[in-house]
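So for the sequence shown, the numbering used here puts the first residue at 10; every next one is plus one.
Built from N, CA and C at the ideal position, the CB exists for glycine as well.
Being a predicted model, the structure only gives us computed values, none of them experimental.
This report concerns only the one structure given below.
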Amino acid sequence: MILDGKKKFEASQSAEGRYRMLVEAVTDYAIYMLDPTGIVSSWNPGARRFKGYEESEIIGEHFSRFYTEEDRKSELPRRALETAAREGKFEAEGWRVRKDGSRFWAYVIIDPIKDSEGKLVGYAKVTRDLTERRAAEAELRRSQEQFRLLVQGVTDYAIYLLSPEGKVASWNAGAERIKGYKPEEIIGQHFSVFYTNDDRSSGLPKLALATARQDGRFEKEGLRVRKDGSQFWANVVLDAIHDEEGALIGFAKITRDVTERKKTEEKLDRTREALVQAQKMEAIGHLTGGVAHDFNNLLMAIQGSLELMKRRLSACSPSRGVRSSSSRPSTSLSSLMA
């Protein structure tokens, strides 16, 4: 029995030694022990790096000195220990104070430590400095808010998000103006509602999502349908959105009403076609006039020759009929040249 007890003690000491070595090697976390009243009883290199205290300076001091004045006044340190003892763990994020008075944003876990009889003998406290992560999250939120305000302020473009299945997930003022739907009317609906019956029957909405998913982008112009059933000519861009791991999380869709531009282009095409037709007719007119002029000169020469022959022949000669016939083409050519 004595031998077994000795082995257990040695095993316990060995495990404690390994645990101590592990804690001493950690520098990314402040890991230290508190007694039941909150007095610091151990201190690792991570705690020294985060909080700025040497082991000799902090052991024997109450852990509440790491809290802000506001938190101490609200008795947060006391409540943290009580919560850990009662519920088995205290976990929170908040501002903590270094030796030099500067603050850092900390993630804190406090676990109660009990002996074999269930008696509280102290607490294990783990703190991690999340200041950089908090700053990055704050910057991300600020950027997202700026982007949201920017998108909401745009009225010339319909800018909205789709789920991976194609359901509307957001809606800006431009989308409401161009398509006629209020956010509460359209969010959650499938975006194919904006397409014509022919385009839905041909599977164009499905093709658009598949193309954007595969190629990263889908871009096309075509007719789209407003809430009131009227149609407009739209320029559409659909971009796939992926998370940090590359998984598809949705689509960003931008639609612009280019109906007026389309009408202007069609009017310009009609004007261009009319101009080309007029130029063709003018060219034909010039050609006809030139041919008639040359032919008329030829007829005049023929008529002159016939007049000379008339004088030489008798009055009863058949050449008089020839003279009369030659004058008729001249009359027709005169009207053609007019």
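Proximity to residue i [Cα-Cα], best of the options
i, options, result
"Y116", "D165, R143 and K108", "R143"
"D109", "Q153, K60 and R157", "K60"
"V135", "E174, S50 and I118", "I118"
"F200", "L90, V160 and F260", "F260"
"R235", "S125, A145, A184 and E79", "A184"
"R137", "L257, Y41 and A249", "Y41"
"F113", "K82, E141 and D248", "E141"
"R233", "G225, P121, L213 and E91", "L213"
"D165", "L139, V267 and M290", "V267"
"K262", "V177, P192, K191 and Q288", "V177"
"I122", "A94, W104 and S111", "A94"
Within 8 Å, strictly: CB atoms of residue i and residue j
i, j, result
"I187", "T264", "yes"
"N181", "V202", "no"
"P86", "F72", "yes"
"A243", "E230", "yes"
"L257", "R222", "yes"
"D120", "Y132", "yes"
According to DSSP, residues forming a beta bridge with residue i
i, result
"L257", "H251"
"I187", "Partner(s): none; I187 has no beta bridge."
"G131", "I122"
"W104", "W114"
"F227", "L247"
"V177", "L171"
Rounded separation between residue i and residue j - CA only
i, j, result
"Q240", "K272", "13 Å"
"G255", "E274", "41 Å"
"R209", "G189", "20 Å"
"P45", "E100", "17 Å"
"E64", "L158", "50 Å"
"Q155", "L149", "10 Å"
"L216", "E194", "25 Å"
"L284", "K276", "12 Å"
"P173", "T205", "21 Å"
"R270", "A167", "17 Å"
"R74", "F227", "58 Å"
"Y38", "E66", "19 Å"
"Y62", "Q153", "38 Å"
"S50", "E146", "34 Å"
"D80", "L170", "42 Å"
"K9", "R151", "What the structure shows of the chain is the stretch from 10 to 347, and residue 9 is not part of that stretch, so it cannot be assessed."
"E91", "I250", "46 Å"
"D224", "V245", "15 Å"
"Y28", "R107", "Its pLDDT being 46, under 50, Y28 is placed unreliably by the model, and the measurement read from it follows with that caveat. Distance between the alpha carbons of Y28 and R107: 26 Å."
"R105", "D248", "43 Å"
"G238", "K98", "60 Å"
Short CB-CB distance (under 8 Å) between residue i and chain B
i, result
"P86", "No chain B is part of this structure, which consists of one protein chain only."
What residue ranges within the stretch 62-108 form continuous beta strand (DSSP E) runs of no fewer than 3 residues, ordered along the chain?
Listed in chain order, the complete beta strand (DSSP E) runs (minimum 3 residues) inside the stretch 62-108 are 99-106.
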